[in-house]
Amino acid sequence: GESVGLHLPTLSVQEGDNSIINCAYSNSASDYFIWYKQESGKGPQFIIDIRSNMDKRQGQRVTVLLNKTVKHLSLQIAATQPGDSAVYFCAEKYNNFNKFYFGSGTKLNVKP
Amino acid sequence: GAGVSQSPSNKVTEKGKDVELRCDPISGHTALYWYRQSLGQGLEFLIYFQGNSAPDKSGLPSDRFSAERTGGSVSTLTIQRTQQEDSAVYLCASSVTGNTIYFGEGSWLTVV
């Protein structure tokens, strides 16, 4: 979603529930997408990626879904844990360019 | 080390002074990126180096900002005549071209 300054969109979930974090990307020509997790005071950490020739990719407890028709990317986290609490960013790479553009981030709060 | 290394991790400087931030990318990574992240915000692209090609400087916010990459490895981001609005986390990342970018932990700059 759009950045609203210091007030990041926030998703609060109960420990053990599944989480879905959404991202609308900007360029229909983007060919590569990455989800990052950023804990307080740390750099972004790679979670999972997907190329534009796929619509779904699974990792350990995480799944990324890509809908190119509506330019939408989602990250699903199964059995969310307190350690999953962080800010999550999606990033897109435009086809034939090597720069990555980042969304404004979503803060995930996991309640024990 | 195995990851992207940045120094200093924290820097407090007086308005008007110059600062240099250093990035040591992952060995073998030909691409190097600098991003800036203000408090509670997303990642703002600054500059991109790829091998011996001319860098993409399109994200540098003013001519007070410059960066170089010596020998295709270590990079230095220099901010001249720092202003309070330069206060942010400066993140460096590296990659094998076109693939996942890996971030360092950032250099936290505070201009007082």
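Chains as they are written, first to last, in this note's numbering: chain A, 1026 to 1137; chain B, 527 to 638.
Cβ atoms here follow ideal geometry from the backbone N, Cα and C, with glycine treated the same way.
Computed from a predicted structure; not experimentally measured.
Neighbouring residues, chain B, relative to residue i (Cβ below 8 Å)
| i | result |
| --- | --- |
| A:Ser1129 | Gln567 and Gly568 |
| A:Tyr1126 | Phe571 |
| A:Asp1074 | Thr626 |
Residue i at chain A interface by Cβ criterion, 8 Å
| i | result |
| --- | --- |
| B:Thr626 | yes |
| B:Leu617 | yes |
| B:Thr636 | no |
| B:Val538 | no |
| B:Pro582 | Checking the sequence, you will find Asp at residue 582 of chain B rather than Pro. Interface residue, yes. |
| B:Gln576 | yes |
| B:Asp544 | no |
For residue i: DSSP bridge partner residues
| i | result |
| --- | --- |
| B:Val538 | B:Thr636 |
| B:Thr623 | The partner list for B:Thr623 (beta bridge, DSSP) is empty, contrary to what the question assumes. |
| B:Gln606 | Answer is none; B:Gln606 lacks a bridge partner. |
| A:Leu1100 | A:Ile1046 and A:Val1089 |
| B:Asp612 | B:Asp612 is not bridged to any residue. |
| B:Phe575 | B:Leu558 |
| B:Ser601 | B:Cys549 and B:Arg595 |
Which of helix, strand or coil DSSP assigns to residue i
| i | result |
| --- | --- |
| A:Asp1109 | helix |
| A:Glu1117 | strand |
| B:Asp544 | coil |
| A:Asp1056 | strand |
| A:Asp1074 | strand |
| B:Asp582 | strand |
| A:Gly1026 | Interpretation of A:Gly1026 is limited by its pLDDT of 31, a score under 50 that renders its predicted location unreliable; no figure is taken from the coordinates. |
| A:Tyr1061 | strand |
| B:Phe629 | strand |
| A:Asp1080 | coil |
| A:Leu1031 | Annotation note: pLDDT 48 at A:Leu1031 (below 50); position unreliable, no value reported. |
Test: residue i CB closer than 8 Å to a CB of chain B
| i | result |
| --- | --- |
| A:Phe1058 | no |
| A:Ser1099 | no |
| A:Pro1034 | no |
| A:Tyr1119 | no |
Residue i: first and last residue of the uninterrupted beta strand (DSSP E) it sits in
| i | result |
| --- | --- |
| B:Leu569 | Segment: none, B:Leu569 is in no beta strand (DSSP E) and carries neither H nor E. |
| A:Tyr1126 | Phe1125 to Phe1127 |
| A:Thr1088 | Val1087 to Asn1092 |
| B:Phe591 | Phe591 to Arg595 |
| A:Lys1136 | Thr1131 to Lys1136 |
| A:Leu1036 | Thr1035 to Gln1039 |
| B:Ser533 | Ser531 to Ser533 |
| A:Lys1067 | Counting along the chain, A:Lys1067 falls outside any beta strand (DSSP E), and DSSP gives it neither H nor E. |
Chain-ordered chain A contacts of residue i [CB-CB under 7 Å]
| i | result |
| --- | --- |
| B:Phe629 | Gly1068 and Pro1069 |
| B:Ala557 | Asn1123 |
| B:Glu632 | Note on residue identity: the sequence assigns Gly, not Glu, to residue 632 of chain B. Within 7 Å Cβ-Cβ: Gly1068. |
| B:Thr623 | Asn1123 |
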